[in-house]
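Trainee:
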Amino acid sequence: AKRMGKGKACFFNPEMDADAQDRRKLETELREAVERDEIDLAYQPIFSARTGQITSAEALARWTHPDRGPIRPDIFISVAEECGLIDRLGEQLLRRACCAAQSWPDHVRVAVNLSPLQFHSGRLIETVRRAIDSSGIRANRLQLEVTEGLVIQDVDRTFQQLEELRALGIQVLIDDFGVGYSSLSCFQRFPFDKVKIDKSFVDEIATSRTAKAIVQAVVGLGSALGMGVVAEGIETEEQMRLLIEGGCTHLQGYLLSKPVSAHVFQQMLARPHNF
Ligand code: C2E
Ligand code: CA
Ligand code: CA
Ligand code: CA
572 AKRMGKGKAC
582 FFNPEMDADA
592 QDRRKLETEL
602 REAVERDEID
612 LAYQPIFSAR
622 TGQITSAEAL
632 ARWTHPDRGP
642 IRPDIFISVA
652 EECGLIDRLG
662 EQLLRRACCA
672 AQSWPDHVRV
682 AVNLSPLQFH
692 SGRLIETVRR
702 AIDSSGIRAN
712 RLQLEVTEGL
722 VIQDVDRTFQ
732 QLEELRALGI
742 QVLIDDFGVG
752 YSSLSCFQRF
762 PFDKVKIDKS
772 FVDEIATSRT
782 AKAIVQAVVG
792 LGSALGMGVV
802 AEGIETEEQM
812 RLLIEGGCTH
822 LQGYLLSKPV
832 SAHVFQQMLA
842 RPHNF
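Numbering (UniProt numbering), first residue to last: 572 to 846.
#1: What residue from Leu597, His691, Leu744 and Gly804 has the CA that sits closest to Val681's CA?
#2: Can you have a look at Ala591 and say buried or exposed, based on whether 16 or more other CB atoms are within 10 angstroms of its CB?
#3: Would you report the Cα separation of Gln837 and Val679, rounded to the nearest angstrom?
#4: Out of Gly751, Leu660, Arg633 and Lys770, point me to the one whose CA is closest to Arg602's CA.
#5: Any idea if Ser705 is buried or exposed, counting beta-carbon neighbours within 10 angstroms, 16 or more meaning buried?
#6: Can you tell which of Gly799, Gly824 and Asp645 has its C-alpha closest to the C-alpha of Ile805?
#7: I need the boundaries of the alpha helix (DSSP H) containing Ile703, first residue and last residue.
#8: Flag this pair as touching only if the segment 727-743 and the segment 752-761 have three or more C-beta atom pairs under 8 Å; answer yes or no.
#9: Run the proximity test for Arg643: is its beta-carbon closer than 7 Å to any non-hydrogen atom belonging to ligand 1?
#10: For the alpha helix (DSSP H) holding Gly793, just list the boundary residues, first then last.
#11: Using a Cβ-Cβ cut-off of 6 Å (strictly less than) and excluding sequence neighbours within five positions of Ala672, which residues of its own chain qualify?
#12: Starting from Asp611, trace the beta strand (DSSP E) both ways and give me its first and last residue.
#13: Quick one: Cα of Cys819 to Cα of Lys596, how far?
#14: Classify Ser828 as helix, strand or coil using the three-state DSSP reduction.
#15: Over what stretch of residues does the beta strand (DSSP E) that includes Ser627 continue unbroken?
#16: Quick one: Cα of Ile625 to Cα of Leu822, how far?
#17: Does DSSP put residue 850 in a helix, in a strand, or in coil?
#18: Given the structure, does Glu803 come close to ligand 3, in the sense that its CB is under 7 Å from one of the ligand's heavy atoms?
#19: What do you reckon, is the C-beta of Asn684 under 7 Å from a heavy atom of ligand 2?
#20: DSSP three-state label for Gln823, please.
#21: In this structure, how does DSSP classify Ile723 when only helix, strand and coil are distinguished?
#22: Buried or exposed: which applies to Ala667, given that a residue is buried once 16 or more other Cβ atoms fall within 10 Å of its Cβ?
#23: Here's the rule: buried if 16 or more other CB atoms are within 10 angstroms of the residue's CB, otherwise exposed. What is Leu796?
Here it is, written out as structure tokens:
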């Protein structure tokens with residue numbers, strides 16, 4: 572029923588029916604994949620702009636469907652959110668990411684994306700704590716990426732949970748900053764450890780004065796508030812140069828490395844290289 576939104580009339584339509592069936596099939600298959608713990612993680616290295624070395628990796632969910640091949644994570648994550656699977660899937664991914672980080676050098680952190688819905692169950696803190704404990708990593712090796720959409724509902728409870736995560740020693744990053752319902756007031760409520768500038772600004776930094784000015788403003792905010800600034804989605808040398816000159820502290824993008832398997836990421840760590 573939720574899918575009928577956007578003010579469209581809800582009359583019978585064979586095409587929509589096929590679509591809905593397709594969606595239900597995908598739900599069932601995702602449920603099975605989650606039950607079998609088949610959703611994997613790829614790791615995209617993040618580099619220090621200052622030293623050129625890997626400081627962390629963002630864990631990105633991967634699902635290869637038996638018939639349809641790889642399904643985009645933004646698609647299956649939203650299916651998981653709609654059909655009540657996100658808590659279970661989120662917990663599996665957290666555990667998997669913490670376990671992977673356990674075999675990396677101590678200074679390399681792992682960043683895990685959280686769905687805003689994971690803040691609704693009331694069990695997030697316990698889930699995170701258990702994932703850390705069972706992997707044996709120190710809490711400060713884990714970073715959690717949250718989006719601004721998070722703070723739309725139940726603001727007080729959300730910020731309270733962020734405080735509790737922070738109290739465990741975990742770093743909290745604000746993701747996709749600058750798009751959606753941006754509000755600078757969220758920095759007044761919570762001291763994020765890092766800001767990730769959305770790819771849309773990185774895409775245009777070499778061609779748009781506005782994009783460049785926005786990046787500059789975020790870097791200024793970051794340095795005034797003691798937050799690192801991560802630029803994501805870097806695809807060209809020119810973008811990278813402008814972002815380094817502009818004062819971004821961390822760099823991520825296909826230019827430096829695509830997301831890779833846990834195995835390949837470990838090999839990259841074993842053969843340290845600067846960009
Ligand atoms: P995101 O958190 O903004 O993740 C960054 C996305 O940008 C990833 O796409 C990454 O592969 C892609 N990317 C990184 N560098 C470049 C680049 O230079 N060029 C281009 N074109 N793309 C680049 P991916 O893996 O397809 O994930 C898409 C979105 O799905 C993520 O956006 C995030 O919102 C969601 N997602 C992925 N994994 C998880 C997860 O484990 N949990 C949750 N809740 N959401 C996830
Ligand atoms: Ca992210
Ligand atoms: Ca992002
Ligand atoms: Ca995004």
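Beta carbons are placed, not taken as given, at the ideal position from N, Cα and C, and that holds for glycine.
Mentor: On the basis of the coordinates in this document:
#1: Position 110 of the sequence shown, counting from 1, holds the residue named residue 681. Out of Leu597, His691, Leu744 and Gly804, Leu744 has the C-alpha closest to the C-alpha of Val681.
#2: Mapped onto the sequence shown, residue 591 falls at position 20. Per the 10 Å Cβ criterion, exposed.
#3: Numbered from 1 along the sequence shown, position 266 holds the residue referred to as residue 837. Numbered from 1 along the sequence shown, position 108 holds the residue referred to as residue 679. Cα to Cα, Gln837 sits roughly 11 Å from Val679.
#4: Residue 602 sits at position 31 when you count from the first residue of the sequence shown. The candidate whose alpha carbon is nearest that of Arg602 is Leu660.
#5: As a first step, residue 705 must be located in the sequence shown, where it is residue number 134. Ser705 is exposed by the Cβ-count criterion.
#6: Counting from 1 along the sequence shown, the entry for residue 805 is found at position 234. Minimum Cα distance to Ile805 is reached at Gly824.
#7: Along the sequence shown, read from residue 1 onward, the residue named residue 703 stands at position 132. Its alpha helix (DSSP H) spans residues Leu695 to Ser706.
#8: yes
#9: The sequence position of residue 643 within the sequence shown is 72, counting from 1. Answer for Arg643: yes, Cβ within range of ligand 1.
#10: Start at 1 with the first residue of the sequence shown, and residue 793 comes out as number 222. First-last of the alpha helix (DSSP H) with Gly793: Arg780 to Leu796.
#11: Looking up residue 672 in the sequence shown gives position 101. So the qualifying residues of the chain are Val681, Ile708 and Arg712.
#12: Stepping through the sequence shown from its first residue, residue 611 is reached at position 40. Per DSSP, Asp611 belongs to the beta strand (DSSP E) from Asp611 to Ser619.
#13: Counted from its first residue, the sequence shown places residue 819 at position 248. Counted from its first residue, the sequence shown places residue 596 at position 25. C-alpha separation (whole angstroms): 43 Å.
#14: As a first step, residue 828 must be located in the sequence shown, where it is residue number 257. Ser828 falls in the coil class under three-state DSSP.
#15: Position 56 of the sequence shown, counted from the first residue, corresponds to residue 627. It spans Ile625 to His636 - the beta strand (DSSP E) in which Ser627 sits, taken as one unbroken run.
#16: Against the sequence shown, residue 625 aligns to sequence position 54. Against the sequence shown, residue 822 aligns to sequence position 251. Each residue's alpha carbon lies about 9 Å from the other.
#17: Residue numbering for the chain in the displayed model covers 572 to 846; residue 850 lies beyond these limits and cannot be assessed.
#18: Taking the first residue of the sequence shown as position 1, residue 803 is located at position 232. Under cutoff, so the answer is yes.
#19: Position 113 of the sequence shown, counted from the first residue, corresponds to residue 684. True, at least one ligand heavy atom lies under 7 Å from that Cβ.
#20: Looking up residue 823 in the sequence shown gives position 252. Correct three-state label for Gln823: coil.
#21: Within the sequence shown, numbered from 1, the residue matching residue 723 stands at position 152. If DSSP states are grouped into helix, strand and coil, Ile723 belongs with the helices.
#22: For the purposes of this step, residue 667 is identified with residue 96 of the sequence shown, where counting begins at 1. A small fix is needed here, since residue 667 is Arg in this sequence, not Ala. When all chains shown are included, Arg667 counts as buried.
#23: Numbered from 1 along the sequence shown, position 225 holds the residue referred to as residue 796. Leu796 should be labelled exposed.
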